[in-house]
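Residues 269 to 785 (the working numbering) make up the first sequence, in order. Ideal Cβ placement from N, Cα and C applies to all residues, glycine included. These notes are about the structure you will find just below.
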Amino acid sequence: MNCADASFPVSFLFPQNPLCALWLNDFMSKALPKRSENYSEWYNEIVKRADLAENSAVRGCMVIKPYGYAIWEKMQRALDDMFKATGHQNAYFPLFVPKSFLEKEEEHAEGFAKECAVVTHYRLKANPDGKGLIVDPNAKLEEELIVRPTSEAVIWNTYKNWIQSWRDLPLLINQWCNIVRWEMRTRLFLRTTEFLWQEGHTAHATENEAIEEAERMLEVYATFAENWIGLPVILGLKTPNERFAGAIETYCIEAMMQDGKALQAGTSHFLGQNFAKAFDVKFVNKENQLEFAWATSWGVTTRMIGALIMAHSDDNGLVLPPKLAPVQVVIIPIYKTPEDLATISEKVNPLFEELKAAGISVKYDDSEHQRSGWKFAEYELRGVPVRLGIGMRDLENGTVEVARRDTLSKESKPIDGIVQHVRLLLDEIQENIYNKALKFREENTFMVDTWDQFKEQIEKGGFLMAHWDGTAETEAAIKEETKATIRCIPLLSAEMAGKCVYSGKDSAKRVVFARAY
RNA sequence: CGGGGCGUAGCACAGCCUGGUAGUGCGCUCGGUUUGGGACCGAGAGGCCGCAAGUUCGAAUCUUGCCGCCCCGACCA
269 MNCADASFPV
279 SFLFPQNPLC
289 ALWLNDFMSK
299 ALPKRSENYS
309 EWYNEIVKRA
319 DLAENSAVRG
329 CMVIKPYGYA
339 IWEKMQRALD
349 DMFKATGHQN
359 AYFPLFVPKS
369 FLEKEEEHAE
379 GFAKECAVVT
389 HYRLKANPDG
399 KGLIVDPNAK
409 LEEELIVRPT
419 SEAVIWNTYK
429 NWIQSWRDLP
439 LLINQWCNIV
449 RWEMRTRLFL
459 RTTEFLWQEG
469 HTAHATENEA
479 IEEAERMLEV
489 YATFAENWIG
499 LPVILGLKTP
509 NERFAGAIET
519 YCIEAMMQDG
529 KALQAGTSHF
539 LGQNFAKAFD
549 VKFVNKENQL
559 EFAWATSWGV
569 TTRMIGALIM
579 AHSDDNGLVL
589 PPKLAPVQVV
599 IIPIYKTPED
609 LATISEKVNP
619 LFEELKAAGI
629 SVKYDDSEHQ
639 RSGWKFAEYE
649 LRGVPVRLGI
659 GMRDLENGTV
669 EVARRDTLSK
679 ESKPIDGIVQ
689 HVRLLLDEIQ
699 ENIYNKALKF
709 REENTFMVDT
719 WDQFKEQIEK
729 GGFLMAHWDG
739 TAETEAAIKE
749 ETKATIRCIP
759 LLSAEMAGKC
769 VYSGKDSAKR
779 VVFARAY
């Protein structure tokens with residue numbers, strides 16, 4: 269940040285004035301940038317100040333800090349349970365993909381070629397000309413290894429040995445791991461060179477079964493996004509142009525962020541027999557005939573944390589959905605003397621245990637090196653859904669101050685029955701932030717029927733529901749002129765014939781256009 | 001890879017133009033007063049001024065080279 273940043277108008281008045289810097293320092297130590305003034309700066313600051321992640325010493329790679337990682341762990345837990353409930357098992361495949369594997373499925377290879385990290389040597393040695401280490405030229409690998417950008421190649425090479433009979437199918441495997449895609453420009457959680465994800469890879473005996481699987485997992489993702497993240501999503505199909513490299517069909521869930529831009533929150537692919545053919549994975553069917561297996565793959569990434577932030581948070585900081593909040597309830601004592609604190613703690617300790625017993629993750633912050641006001645602001649910044657404040661006055665009245673993060677409202681409640689109240693409140697917050705996000709999306713989704721309307725609206729942001737003639741040429745032309753892409757062809761909307769917003773040709777249904785992350 | 005900007009304390013920055021004891025705020029340590037929405041006062045600790053070479057009696061400051069990072073574009077979950 270510098271003094272010429274447009275979000276700080278004062279700096280324009282006194283760009284040379286050292287007070288400008290002092291003022292900024294003071295300002296920055298407290299308030300966040302405002303969403304309305306500088307959305308991306310607001311996002312970056314939330315990630316850092318809420319202690320979720322930071323840039324690492326390694327270009328393009330992030331350090332996910334404990335608080336951010338705790339959110340990922342909660343996401344993993346919920347998703348993993350859902351994968352298990354739909355019959356999947358976890359396994360682990362190698363980080364390295366021999367180049368020859370990656371080459372086998374041609375479209376796949378082409379799609380990923382330009383963003384691969386390549387291992388060429390297996391040894392370093394002392395630099396004979398001075399300090400440090402150099403790559404040992406005698407340790408060149410016979411075949412280069414690619415750091416996995418995705419694991420279809422390694423996995424289908426393995427499946428070849430696992431699949432012989434229809435009895436071996438379906439094969440339903442998932443893995444949690446890291447992957448590397450060499451990105452030009454990165455942003456914490458949204459796009460980094462290395463990121464964490466899960467990738468499901470399944471093999472089936474029939475085309476229909478594989479398509480059902482791809483759609484089933486899309487449903488799982490949608491359920492997770494809506495019920496856990498509180499993020500309303502549109503289920504859809506990608507256009508051929510936006511498809512995963514090597515897929516027959518790519519399904520996706522698309523969400524709207526608070527700046528009106530779209531973010532893809534998960535994808536599921538029907539891969540047909542492309543990988544089975546590339547890796548020669550055949551099975552004998554019930555009629556004793558050899559057939560290629562049918563495949564799917566599906567994944568969600570740490571990008572969902574970015575989606576979570578951008579969907580719900582406000583100018584005071586992070587707003588976490590209770591189901592994914594590492595700390596759901598924080599209790600803050602308000603006291604003057606150590607004796608008061610002891611008295612308050614006596615009352616809080618059983619309450620703390622009771623909340624814990626009710627399955628609520630609760631933190632009692634009785635640390636003495638920060639004042640209560642500081643704690644209020646800090647936990648607000650970190651998005652803790654519910655805050656309970658207890659002071660001497662409350663002890664006299666038998667009350668607790670209950671503050672909710674989503675509405676920033678406070679009320680005094682009797683301490684008796686507070687656990688039940690908190691439990692209901694957490695549910696209410698979970699529901700409220702979903703409804704808020706849904707309302708926002710609805711208010712920023714527009715039916716657009718003319719090209720002029722399209723060009724005007726896209727500048728203001730949001731989802732544009734418009735007819736498209738189905739050609740790649742039109743799709744490319746629209747992208748070229750407006751930077752808007754077809755986010756998806758919605759699965760659940762009815763066919764309703766019309767005319768393409770760009771070419772005027774016939775169109776069967778509206779698709780979702782937006783600028784995207 | 002093209003265009004722009006920046007490297008000075010843990011963080012954010014001033015100082016550089018015009019060379020001469022390295023500064024400010026936040027944070028940190030200690031002491032005191034405070035404490036229902038980011039307290040205040042006092043005393044401290046903390047620096048190869050990105051790296052290297054050059055100019056000079058003297059370089060954070062001038063010159064040259066290198067390295068790194070950030071922003072804007074093309075690519076992308």
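For S536, the residue or residues it bridges with in DSSP:
Partner(s): Y519, W566.
Flag this pair as touching only if the stretch 499-507 and the stretch 356-364 have three or more C-beta atom pairs under 8 Å; answer yes or no.
Contact between the stretch 499-507 and the stretch 356-364 is absent: fewer than three C-beta pairs spanning the two stretches fall below 8 Å.
Quick one: residues in its chain with C-beta nearer than 7 Å to the C-beta of E559, no 5 flanking neighbours on either side, listed in chain order?
Excluding residues within five positions, the ones whose Cβ falls inside 7 Å are K550, F551, N553.
On the three-state DSSP scale, how would you describe F463?
Of the three classes helix, strand and coil, the one that applies to F463 here is strand, per DSSP.
Terminal residues of the alpha helix (DSSP H) in which Q344 lies:
Segment 334-353, the alpha helix (DSSP H) holding Q344.
Any idea what DSSP makes of Q638, helix, strand or coil?
In the structure shown, Q638 sits in coil (DSSP, three-state: anything other than H, G, I, E or B).
Relative to the C-alpha of Y647, which residue among K681, G585, L619 is closest?
Cα-wise, what sits closest to Y647 is G585.
Taking a contact to mean a Cβ-Cβ separation below 8 Å, would you say Y335 touches L347 in this structure?
Contact: no.
For S433, the three-state DSSP class (helix, strand or coil)
S433: strand per DSSP, three-state reduction.
Given a cut-off of 8 Å on the beta-carbon distance, is the pair H580 and I701 in contact?
Going by C-beta atoms, H580 is nearer than 8 Å to I701.
For the beta strand (DSSP E) containing I441, list its first residue and its last residue.
If you look at I441, you'll find it in the beta strand (DSSP E) that goes 439-448.
Closest to A407 by C-alpha separation, out of E679, I414, E378, T388, would be which residue?
Checked all of E679, I414, E378, T388; the closest Cα to A407 is T388.
Alpha carbons only, please: which of W566, I479, E451, R449 is nearest the one belonging to A533?
Answer by Cα proximity: W566.
Could you tell me the alpha carbon to alpha carbon distance between L640 and I612, rounded to whole angstroms?
What sits at residue 640 in the sequence shown is Ser, not Leu. Distance between S640 and I612, taken at the CA atoms: about 14 Å.
So what does DSSP say about L456, is it helix, strand or coil?
Coil.
Let me know the secondary structure DSSP gives G627 once reduced to three states.
G627: coil per DSSP, three-state reduction.
Sheet register partners of A671 (DSSP bridge)
R655, K678.
Take the Cβ of V488 as the centre, count every other Cβ of all protein chains shown within 10 Å, and call the residue buried at 16 or more, exposed below.
So V488 counts as buried.
Do T564 and E481 have their beta-carbon atoms positioned less than 8 Å apart in this structure?
Yes, they are a contact pair.
Helix, strand or coil, according to DSSP, for I497 in the structure here?
Of the three classes helix, strand and coil, the one that applies to I497 here is helix, per DSSP.
Could you tell me whether the Cβ atoms of T470 and T461 are closer together than 8 Å?
In this structure, T470 lies away from T461, with their beta-carbon atoms at least 8 Å apart.
Count the other C-beta atoms from every protein chain shown that fall within 10 angstroms of the C-beta of E420, then say buried if there are 16 or more, exposed otherwise.
Its Cβ being crowded by 16 or more others within 10 Å, E420 is buried.
For E763, three-class secondary structure by DSSP:
Annotated three-state conformation of E763 is coil, per DSSP.
What is the DSSP secondary structure of F361, counted as helix, strand or coil?
Under the three-state reduction of DSSP, F361 is assigned to coil, being neither helix nor strand.
Cα separation between L290 and G528?
Since pLDDT at L290 reaches only 38, below the 50 mark, its modelled position is unreliable, and no value is offered.
Compute the Euclidean distance between the alpha carbons of I599 and E614, then round it to the nearest angstrom.
Spanning the two alpha carbons is a distance of roughly 13 Å.
So what does DSSP say about E559, is it helix, strand or coil?
If DSSP states are grouped into helix, strand and coil, E559 belongs with the strands.
Take every Cβ of the stretch 538-545, pair it with every Cβ of the stretch 420-436, and state whether three or more of those distances are shorter than 8 Å.
Two segments are said to touch when three or more pairs of C-beta atoms, one from each, lie closer than 8 Å; by this definition the stretch 538-545 touches the stretch 420-436.
How should Q596 be labelled, buried or exposed, when 16 other C-beta atoms within 10 angstroms of its C-beta is the threshold for buried?
Taking all protein chains in view, the Cβ of Q596 is crowded by 16 or more other Cβ atoms within 10 Å, so the residue is classified as buried.
Classify W424: buried if its beta carbon has 16 or more other beta carbons within 10 angstroms, exposed otherwise.
W424 should be labelled buried.
C-alpha distance - G659 paired with K631, whole-angstrom precision
CA-to-CA, the gap between G659 and K631 works out to about 16 Å.
Contact defined as beta carbons within less than 8 Å: I believe T570 pairs with F644. What is the distance between those atoms, to the nearest angstrom?
The beta-carbon separation of T570 and F644, rounded to 29 Å, does not stay under the 8 Å limit for a contact.
Whole angstroms is fine: what's the gap from H637's alpha carbon to V779's?
Looking at the two C-alpha atoms, the distance is approximately 55 Å.
What residue range does the alpha helix (DSSP H) around N712 cover?
Looking at the DSSP string, N712 is not in any alpha helix (DSSP H), and its letter there is neither H nor E.
With a threshold of 16 other CB atoms inside 10 Å of the CB of G355, please say whether the residue is buried or exposed.
Using a 10 angstroms sphere on the CB of G355, the tally of other CB atoms stays under 16, which defines it as exposed.
When L694, L505, N556 are compared against S629, the one with the closest alpha-carbon
Checking every option, the nearest Cα to that of S629 belongs to L694.
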